[in-house]
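Working notes, structure below.
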Ligand code: NA
Ligand code: NA
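Written out as structure tokens, the structure is:
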């Protein structure tokens, strides 16, 4: 068993190697090998082979490529811009007008996609041209898209939930159920932020247009069907127990195919592009995840878990205090980090602390994913921000940064709500799974 | 990657493997649906889809690693390295490739032990399919071999560039992707497609 | 010289009675019992991400000095070990104990030879019995039902009873029973009670098809480092733990069975009101026939491929003790 000082040094080595630009997977591997060579001996070093197979031969994690594939097929089927227009019909009356559609469309797209970056890319491509002639403050437009994208992982399905579940032995189905209410609440809070900004600074808002005739609006409603059907099938099958998480992801893929065909986009070429994007994102996540599993194995044998849990217990902090300390820690870390390295790099250390403090693993999963989403929109390192700026292709990234500020503050409010009212996450999994 | 026959062959091989895995994912999804329906309606269970699914993930990941390497997708934190002068940046970019290759080599040496033990013990999964473990593990091991070969090849090339003092070429080929490149590969195809659709629609609206 | 530390992979942390009440205190006290100062490093296997099926390989390589091993999973690397508790051969704990004692020596020899490890304990989780959500009176009534199974020989037994085997992970069985994906599940009274299966099933058939045998194995190099005197003390200490585990299997499962059917005394578990289906002699006979015609031939096929003497060794040990013979 090693003490907190050695643990701290190990953590710093890993972070240092990351900042030197080594691949994130390599930094975890090197840290684990150093730890096990120094304290555990060759048999533990050699156990990496078993971990390589065991960490990847996992039916639950198969849902990662399946959800990615589902999203890739759907995006390529061109449903998203029609979905956007239809949503605009019904959200435009709110103060802040078309900005609400950015949030609503993101929430809807998040319900079928497991990735925030994909959500950002999709929604900004569809939304930005619509705003060209409408005189909204650019920063509000960009900020609302970035905020919407951060729903990508929180509203199920989400890759971050699957990875957290795999690392902590927490049921993915429960995590999904736990994400729904906070995801919906965050959607409402973002809309509230827009309404607040619209009332407080009306100049930031663009021109309001006359609503389309009801007939037209009703006619366009059918474009909301594709995402709703897929969400209904995927979540419905998990909820009713007809299918496991992985089976429902497979079902989603199968349902996405005829949708792409209906929109006239199903082709071998399109499928091959979707395969490439899918395997790229899957392998990117899984190499890091595999090394994180090995690091987790070494940390467990080193007694890091008990050592840190002992420290936390001796400090006599309450669960709420611990969560606030972690929130500050992750806000700082999130400035420099992306979702995946932050998630897999810290969960092996932090999770045992939260268990020792009596925090529900399902609740902590939601908290972790929220922290990851904040890191995605906190500059200067935030993939979604750069994706949006890239799609925009004019102005400076600074405007994107500024635009996220009100939404960033909203997410901190959301963090506070989640910490002090854990029931918003825990209620749904309890009533649906007992 | 350097422009030569080996690079092209490697890219071709990896791309083909990715397409095969992709179709297999679709096929497995269809099989899963068939299984769900027969289980629900006819009380008949095609056993072992979950088991095959587990092997599928191991194989998809192993094969994906080399595709992600070739398309420069493996995650790095470029926050600090990006701010360094280009010579120092070249050193760190080379270091990243060399350490990745070292990791891949160590991993295949251990993965080989896993496979060879499965052959030695004639291990069979304790599931209704009783799959001999060497079958899925051989495909998985093959994926790791391709990854390790690609890693060593690229690390060697980056070392060569460093020794020759071609820092800029090194940074261009092995540095973290620039913003434009990253967006291009993460979302590029999607954006392109949506743009094309919009253009078509506008053309349609005008005529 | 005796080693100065012991690295242990314990059983699954969700089996709290075995892990928290027996294994943890046992290994914690071991240095005191042996009279040698020793740093104990104990982790339940799931908390360090060790797969139950990898146990024999990790013992062989010395990744762990002692491991709690699920025989059913570990027999992936050698079907011979599954022979200690083949489906349907021992239908109660007394019979199982006779089978385990008959097999222990050949088991240990093979473990030492092929996996460089030594048997310290062999014990059961408890009788694996039927929980069904449709009315049954005898085992014949499972015909046409979907029954969750988790090993090849269990699937074979279920098929020979005219039912459809369904593979599901333990955590998925509850919702599967609730929504009718499966009609029956097979597990121990304690696991079923802890997993709240009686909430979604009404008929409890205490016909045991297996005892779910577990063991503690020690890396042989580690064992050989112990002085003969310490070896003797170690063996005695593990024997003591083995007895505790057998006792737990008996008392805890008797208690849990009472709880499942709403009888007294029910001290440890949650009380439910399942209908108890009495095991008729004909049921036991039916299982016995299935063992001879389906389970044993299947195992012989698998095991003799790895070692042609498998079935012969089994006949002279477990077979003799339980009155079976593989032809
Ligand atoms: Na999502
Ligand atoms: Na960030």
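Chains as they are written, first to last, in our numbering: chain X, 13 to 446; chain D, 268 to 474; chain Y, 4 to 330.
Ideal Cβ positions, reconstructed from N, Cα and C, are used throughout, including at glycine.
Buried or exposed for residue i, going by 16 or more other Cβ atoms inside 10 Å?
i                      : result
residue 319 of chain Y : exposed
residue 12 of chain Y  : buried
residue 71 of chain X  : buried
residue 4 of chain Y   : exposed
residue 353 of chain X : buried
residue 328 of chain Y : exposed
residue 301 of chain D : exposed
residue 443 of chain X : exposed
residue 149 of chain Y : buried
residue 121 of chain Y : buried
residue 303 of chain Y : buried
residue 227 of chain Y : exposed
residue 383 of chain D : exposed
residue 305 of chain X : buried
residue 305 of chain D : exposed
residue 243 of chain Y : exposed
residue 212 of chain X : exposed
residue 287 of chain D : exposed
residue 335 of chain D : buried
residue 38 of chain Y  : exposed
Can you find a CB in chain Y that lies within less than 8 Å of the CB of residue i?
i                      : result
residue 305 of chain X : yes
residue 369 of chain D : no
residue 120 of chain X : no
residue 395 of chain D : yes
residue 282 of chain D : no
residue 388 of chain D : yes
residue 59 of chain X  : yes
residue 377 of chain D : no
Report yes if the C-beta distance between residue i and residue j is below 8 Å; otherwise report no.
i                      : j                      : result
residue 192 of chain Y : residue 103 of chain Y : no
residue 162 of chain X : residue 350 of chain X : no
residue 269 of chain X : residue 278 of chain X : yes
residue 277 of chain Y : residue 225 of chain Y : no
residue 62 of chain Y  : residue 220 of chain Y : yes
residue 355 of chain X : residue 427 of chain X : no
residue 363 of chain D : residue 295 of chain X : no
residue 217 of chain Y : residue 72 of chain Y  : yes
residue 99 of chain X  : residue 116 of chain X : yes
residue 186 of chain Y : residue 135 of chain Y : yes
residue 224 of chain X : residue 107 of chain X : no
residue 185 of chain X : residue 125 of chain X : no
residue 290 of chain D : residue 323 of chain D : no
Closer than 8 Å, CB to CB, is residue i near chain D or not?
i                      : result
residue 93 of chain Y  : no
residue 25 of chain X  : no
residue 308 of chain Y : yes
residue 273 of chain X : no
residue 79 of chain Y  : yes
residue 391 of chain X : no
State yes or no: is the beta carbon of residue i nearer than 8 Å to at least one beta carbon in chain X?
i                      : result
residue 404 of chain D : yes
residue 443 of chain D : yes
residue 3 of chain Y   : Chain Y is shown only over 4 to 330; residue 3 of chain Y falls outside these bounds and no answer can be derived.
residue 179 of chain Y : yes
residue 61 of chain Y  : yes
residue 358 of chain Y : This structure does not reach residue 358 of chain Y, given that chain Y is present from 4 up to 330, and the question cannot be answered.
residue 357 of chain D : no
residue 438 of chain D : no
residue 175 of chain Y : yes
Give me whichever residues DSSP pairs with residue i in a beta bridge.
i                      : result
residue 42 of chain Y  : Y:8
residue 73 of chain Y  : Y:217
residue 278 of chain Y : Y:206
residue 188 of chain Y : Y:134
residue 150 of chain Y : Y:168, Y:187
residue 125 of chain Y : Y:218
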